[in-house]
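Going by our numbering, the sequence shown opens with residue 1443, and the numbers climb by one from there.
The beta carbon of each residue, even a glycine, is placed where N, CA and C say it ideally should be.
Report on the structure given below.
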Amino acid sequence: MINLHSHFGVYALILDGDKHRVLVVKKARGPYTCMYDLPGGSPEPAELLEEALHREVTEETGCDVSEAKQIRAVDVRFPYTKDGESAVLRHIGVLFAVKITGTPRIDADGEDSLGCAWVKFDELRKENAAPFVLKALELVSPMRPYVEPETSSRRHP
């Protein structure tokens, strides 16, 4: 039996000045452990989406959001192993184009991130990046189509 679960969050697509690199965090835990992901996470019960975005970006990067523009909602499926059993994460998020002030931290935040990195688009692949990163990059680089990770046990609606 496959364990299915969903996660909802807000995520920051932060590009460098030349728009050839994206700011990512290396995940410390969860389905994307040791993979690159976009800064972001789940809103607290009383938070609005943009408030959660500001808090999450600051927590994970050490930077402040100077500008945020909502792009769109995105969803992906990600097969992985949890406690030795097959699992599928349905990851739903609202993606924002974000500009920051400050220098991103390269050290772990003690929570969810092993540190930030500016990574070139062409260095991000399904083997090292969360599907959300790849889906977001497809929006800014149409020549790079998103391909959902494969699993033999996937059921399509």
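query, result
"DSSP three-state call for H1496: helix, strand or coil?", "helix"
"Please classify E1527: does DSSP put it in a helix, a strand, or coil?", "strand"
"CA-CA distance, A1529 and G1472?", "12 Å"
"Taking the alpha helix (DSSP H) that K1577 falls in, what are its first and last residues?", "1573-1582"
"Could you give the residue range of the beta strand (DSSP E) that holds S1555?", "1555-1562"
"Which same chain residues, not among the five before or five after Y1478, have their C-beta less than 8 Å away from its C-beta?", "V1466, V1467, K1468, K1469, A1559, V1561, L1566, N1570, A1571, A1572, V1575"
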